[in-house]
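Colleague: The structure that follows is given in the form of structure tokens.
In the UniProt record's numbering, the protein residues as written are 1 to 859.
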């Protein structure tokens, strides 16, 4: 102490001393400790852990509380145990304090890193703050908890049988006795203020588990159009009140409308959509917030409707005396539920009741062979309806009248001879043909089914959209090219007409439909072998085309069709973009389909025969996996992937595909066109050779689901239902990883963000006391506990006053406020100066409240 200064000064030394005791070891509370000497001012002169060697000092781990001791409440006469889990290098010295005074008269222990203090037959004097202190040579740690005594009430007088200040014997014998208790209290309070100051009470967490928990929430709901969709959630909240909001597709806040009702009551929240429509399909997120936190859960709503009608009118082929084959295109939108089948209806010319359609069959696919119910020479119209779980669609467009044959004819797959076409400039198509239904629409024109007036034989006519001289020149080029392509696997040009304003080309009528559409038919075999057979036919056709020095430049699934509905033979169609290569004249083009076009086309570099080989590689990839190798989220992303020649074989999609097939594809999808296989080389590839008729190897049927999705996506892109269908796919597949949660934070719209933030404002209230303080009277030396219950949000700041003077935490005075608003003031070792009026004030930014009670200390 500095003699020139009346006030004591505290000096801190960084010197560390580790001592090994020579005497025997003592055990205190089950701990191995060294002898301790306590000075008159309750400070340890020296302390060391037994058994610690000087060489190990640096590796000692300071103690920490892995699990702190918890607040407790016990009725008068009850038992309670405080427990805390401690980590740190042994040996550890554990001690307990009650309201700042050492505890020795109760059972303490340290076992398996768990420090415990047990109190039995608790009385009012046992209330207050308990501190667990632990130390070793590397440091110390402490934590505190509050004990509340309930039962007879704070106003009950209790005369203690002994002093509540229980000191260790060595402390009691060597400490200076104060002249009176008030002087001792004053000294301790002053000392406590210097060391700790007037700190605010700490909040004690009282709730366990999540603030809000949903109880068995639904993951998805499916309703039919026109029905009521009821999304209802029940949840458990750690506190009330709660605030809720509903958000649609992470963007639109739902607060109620003519068809949407939002109801929040207690621990339930529901959203009701009346007369649901397909546009209601999507993800619905409910967010529930209380004062301690929030939770959210998302449910997918599917509003299923009847499918749209089949996209095309049915087309008849292989017509005989009593049978024919009908083919059509499925609906552009399935209504949100997979199409389960089709209903084929017929109307006979001259029926007794006009407009009397008869159902003649039901089938699961987009083609059907009608074998009975039709009369020779009879004339019939046909139409088709699509069916799903929600119902039956409206009928498709009606076909033209189809006249049944008089006698059976043998079908010839190939023409008797190839013809070289000369454009007829004197006649129109309708002079020689009857024009029937439209078969398709392309970039350069429209295709119709026609029948030759003389024989009734079916053909297809392409009417060019040729408004300018350039358009007409391009059309004539295609006709000229077709005259050079006489091959059984290439559609044949049979006639051409040009009379203003009409320019048309007559071709073979091929009724089998697109190859990929046929593959997804449940009755059609789809294996690696059959895929190789299709690719082989494509290569044979293109080998012939390339020998003529012609490049197709638009090979894609839509341009590969089956000869008929029962054959595996294919033909290549649509040479509208084809060009003849000229030696010494590089050809560069700027057209094609993004998924199938080669890198040199995108980069506007010279194209060649190898450009078609890239497209064949893409087609083969899709045939085997049902996935497009370069499909991006949009055309720009797709083109970027193509330019980089960036693709990979998904292990799941190519699990059953041979290495030879993957090598075949890789040999075609080369960025440098000069490195790609030619048709001749591709036909000689080991993958082609491995499927010769003499080679038998086990094969497995390939999954058609991905192929169906690929076709649906391409179909939707061509219709007005694309946005609706793709939105439905996104909502139903991009679900969170787990109920009510997501591996990534959701991206909310600005409107949704504002709604979520407003939930907190809805919960805000000014402070008010749900339970006020009560007057109490206690004997001198007892422990007083004043409690009240305050409510308000944000959580009010609580202050305590005695006789209008602020109270500070000290060795005798403890303050506590838990999350539920229970506030308590504990004053230990009561003396006459503690009597007075105690006031509790609670304040937040919305207001202030206060309550008071009188404490009388009886002498």
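Quick reminder that beta carbons are idealized off the backbone N, C-alpha and C, glycines included.
Once the 5 residues before and after residue 649 are set aside, which same chain residues still bring their CB inside 6 Å of it?
Modeller: Here residue 649 refers to the residue found at position 649 when the chain shown is read from its first residue. Correct list, in chain order: 662.
Colleague: Between the C-alpha atoms of residue 645 and residue 535, what's the straight-line distance to the nearest angstrom?
Modeller: Looking up residue 645 in the chain shown gives position 645. Looking up residue 535 in the chain shown gives position 535. Answer to the nearest angstrom: the Cα atoms are 21 Å apart.
Colleague: What do you get for residue 590, buried or exposed, if any count of 16 or more other CB atoms within 10 angstroms of its CB means buried?
Modeller: Here residue 590 is taken as the residue at index 590 of the chain shown, counted from 1. The residue is exposed, with fewer than 16 neighbouring Cβ atoms inside 10 Å.
Colleague: Do the segment 326-338 and the segment 479-493 make contact, defined as three or more Cβ pairs closer than 8 Å?
Modeller: With the cut-off at 8 Å, the segment 326-338 and the segment 479-493 do not touch.
Colleague: Closer than 8 Å is the cut-off here; do at least three beta carbon pairs connect the segment 554-564 with the segment 449-466?
Modeller: Because the criterion of three Cβ pairs below 8 Å is not met, the segment 554-564 and the segment 449-466 do not touch.
Colleague: Mapping DSSP to helix, strand and coil, what is residue 230?
Modeller: As a first step, residue 230 must be located in the chain shown, where it is residue number 230. Three-state result, residue 230: strand.
Colleague: By how many angstroms is the C-alpha of residue 433 removed from the C-alpha of residue 655?
Modeller: Locating residue 655 in the chain shown gives position 655, counting from the first residue. Locating residue 433 in the chain shown gives position 433, counting from the first residue. Whole-angstrom Cα-Cα distance: 51 Å.
Colleague: Rounded to the nearest angstrom, what separates residue 110 and residue 94 at their Cα positions?
Modeller: In the chain shown, residue 110 corresponds to position 110, counting from 1. In the chain shown, residue 94 corresponds to position 94, counting from 1. Cα to Cα, residue 110 sits roughly 8 Å from residue 94.
Colleague: Evaluate residue 46 with the Cβ neighbour count: other Cβ atoms within 10 Å of its Cβ, from every protein chain shown; 16 or more gives buried, anything less gives exposed.
Modeller: For the purposes of this step, residue 46 is taken as residue 46 along the chain shown, with counting starting at 1. In this prediction, residue 46 scores a pLDDT of 36, lower than 50, which makes its location untrustworthy; the coordinate-derived value is nonetheless stated afterwards. It counts as exposed.
Colleague: Count the other C-beta atoms from every protein chain shown that fall within 10 angstroms of the C-beta of residue 829, then say buried if there are 16 or more, exposed otherwise.
Modeller: Translated into the one-based positions of the chain shown, residue 829 becomes position 829. Buried: at least 16 other Cβ atoms inside 10 Å.
Colleague: List the DSSP bridge partners of residue 83.
Modeller: Walking along the chain shown from the start, residue 83 turns up at place 83. DSSP, once it has assigned bridges, lists 116 as partnering residue 83.
Colleague: Should the segment 138-149 be called in touch with the segment 811-829, which here means at least 3 C-beta pairs below 8 Å?
Modeller: Yes, they touch.
Colleague: Taking the alpha carbon of residue 89 as the reference point, which residue from 424, 391, 64, 381 has its own alpha carbon closest?
Modeller: As a first step, residue 89 is located in the chain shown; it is residue number 89 there, counting from the start. It is 64 whose Cα lies nearest to the Cα of residue 89.
Colleague: Secondary structure at residue 644, three-state DSSP: helix, strand or coil?
Modeller: Locating residue 644 in the chain shown gives position 644, counting from the first residue. In this structure, residue 644 counts as coil in the three-state DSSP scheme.
Colleague: Could you pull the start and end residues of the beta strand (DSSP E) that residue 801 belongs to?
Modeller: For the purposes of this step, residue 801 is taken as residue 801 along the chain shown, with counting starting at 1. 797-802 is the span of the beta strand (DSSP E), which, as asked, contains residue 801.
Colleague: Tell whether a beta-carbon distance below 8 Å holds between residue 857 and residue 780.
Modeller: Here residue 857 corresponds to residue number 857 of the chain shown, with the count starting at 1. Here residue 780 corresponds to residue number 780 of the chain shown, with the count starting at 1. Yes, Cβ-Cβ distance for residue 857 and residue 780 is below 8 Å.
Colleague: Cβ atoms of residue 373 and residue 360: under 8 Å apart, would you say?
Modeller: Mapped onto the chain shown, residue 360 falls at position 360. Mapped onto the chain shown, residue 373 falls at position 373. Contact flag set, yes.
Colleague: Please return the same chain residues whose Cβ sits closer than 6 Å to the Cβ of residue 201, not counting the five positions on each side in sequence.
Modeller: Taking the chain shown and counting its residues from 1, one reaches residue 201 at position 201. Caution is warranted here: a pLDDT of 48 is assigned to residue 201, below 50, making its placement in the model unreliable, and the coordinate value is therefore given only provisionally. Here the set comprises 815, 816, 817.
Colleague: With residue 82 and residue 132 assumed to form a contact (beta carbons below 8 Å), what rounded beta-carbon distance in angstroms separates them?
Modeller: Counting from one through the chain shown, the residue named residue 82 turns up at place 82. Counting from one through the chain shown, the residue named residue 132 turns up at place 132. At roughly 7 Å, the Cβ-Cβ gap stays under 8 Å, so residue 82 and residue 132 are in contact.
Colleague: So for residue 848, helix, strand or coil by DSSP?
Modeller: Here residue 848 refers to the residue found at position 848 of the chain shown. Looking at residue 848 - three-state DSSP - the assignment turns out to be strand.
Colleague: Name the one or two DSSP bridge partners that residue 346 has.
Modeller: Looking up residue 346 in the chain shown gives position 346. Answer is 358, 382, bridged to residue 346.
Colleague: Could you name the residues of the same chain whose beta carbon sits closer than 8 Å to that of residue 568, not counting the 5 residues immediately before and after it, in chain order?
Modeller: On the chain shown, residue 568 is found 568 positions in, with the first residue counted as 1. So the qualifying residues of the chain are 530, 533, 534, 562.
Colleague: Could you give the residue range of the alpha helix (DSSP H) that holds residue 680?
Modeller: Here residue 680 is taken as the residue at index 680 of the chain shown, counted from 1. Its alpha helix (DSSP H) spans residues 679-683.
Colleague: For residue 307, count neighbouring Cβ atoms within 10 angstroms of its own Cβ and tell me buried if that reaches 16, exposed if not.
Modeller: As a first step, residue 307 is located in the chain shown; it is residue number 307 there, counting from the start. Result: buried.
Colleague: Between residue 244 and residue 80, what straight-line distance do the alpha-carbon atoms span, to the nearest angstrom?
Modeller: On the chain shown, residue 244 is found 244 positions in, with the first residue counted as 1. On the chain shown, residue 80 is found 80 positions in, with the first residue counted as 1. Straight-line Cα distance between these residues: approximately 40 Å.
Colleague: Whole angstroms are fine: how far does the CA of residue 588 sit from the CA of residue 605?
Modeller: Taking the chain shown and counting its residues from 1, the one referred to as residue 605 is at position 605. Taking the chain shown and counting its residues from 1, the one referred to as residue 588 is at position 588. Taking the straight line joining both Cα atoms gives about 6 Å.
Colleague: Cβ-heavy atom distance between residue 373 and the ligand MN below 7 Å?
Modeller: No copy of the ligand MN appears in this structure; indeed no ligand is present at all.
Colleague: If you reduce the DSSP assignment to three classes, tell me which class residue 772 lands in.
Modeller: Against the chain shown, residue 772 aligns to sequence position 772. Coil.
Colleague: Buried or exposed for residue 256, please, with buried defined as at least 16 other CB atoms from any protein chain shown within 10 angstroms of its CB.
Modeller: Here the question's residue 256 lines up with position 256 in the chain shown. Residue 256 comes out exposed.
Colleague: With three or more C-beta pairs closer than 8 Å as the rule, is the segment 768-775 touching the segment 844-857?
Modeller: In short, these stretches touch, since the Cβ pair count reaches three.
Colleague: Smallest Cα separation from residue 618: which of 603, 289, 597?
Modeller: What you label residue 618 is simply residue 618 of the chain shown in a count that begins at 1. Taking only the C-alpha atoms, the option nearest residue 618 is 597.
Colleague: Could you check whether the segment 255-275 touches the segment 216-230, counting it as contact only if at least three pairs of C-beta atoms, one from each stretch, sit closer than 8 Å?
Modeller: Yes, since at least three Cβ pairs between the segment 255-275 and the segment 216-230 fall closer than 8 Å, the two stretches touch.
Colleague: Applying the 10 Å Cβ sphere with the 16-neighbour rule, what's the burial state of residue 478?
Modeller: Taking the first residue of the chain shown as position 1, residue 478 is located at position 478. Buried, because 16 or more other Cβ atoms sit within 10 Å of the Cβ of residue 478.
Colleague: Excluding the five sequence neighbours on either side, which residues of its own chain have a C-beta within less than 6 Å of the C-beta of residue 466, listed in chain order?
Modeller: Indexing the chain shown from 1 puts residue 466 at position 466. Closer than 6 Å at the Cβ level, and outside the excluded window around residue 466, lie 472, 475, 503.
Colleague: Quick one: residues in its chain with C-beta nearer than 6 Å to the C-beta of residue 66, no 5 flanking neighbours on either side, listed in chain order?
Modeller: As a position in the chain shown, residue 66 is number 66, starting the count at 1. Hits under 6 Å: 85, 87.
Colleague: Just to confirm the assignment, what range does the alpha helix (DSSP H) spanning residue 614 have?
Modeller: Position 614 of the chain shown holds residue 614. 609-625 is the extent of the alpha helix (DSSP H) around residue 614.
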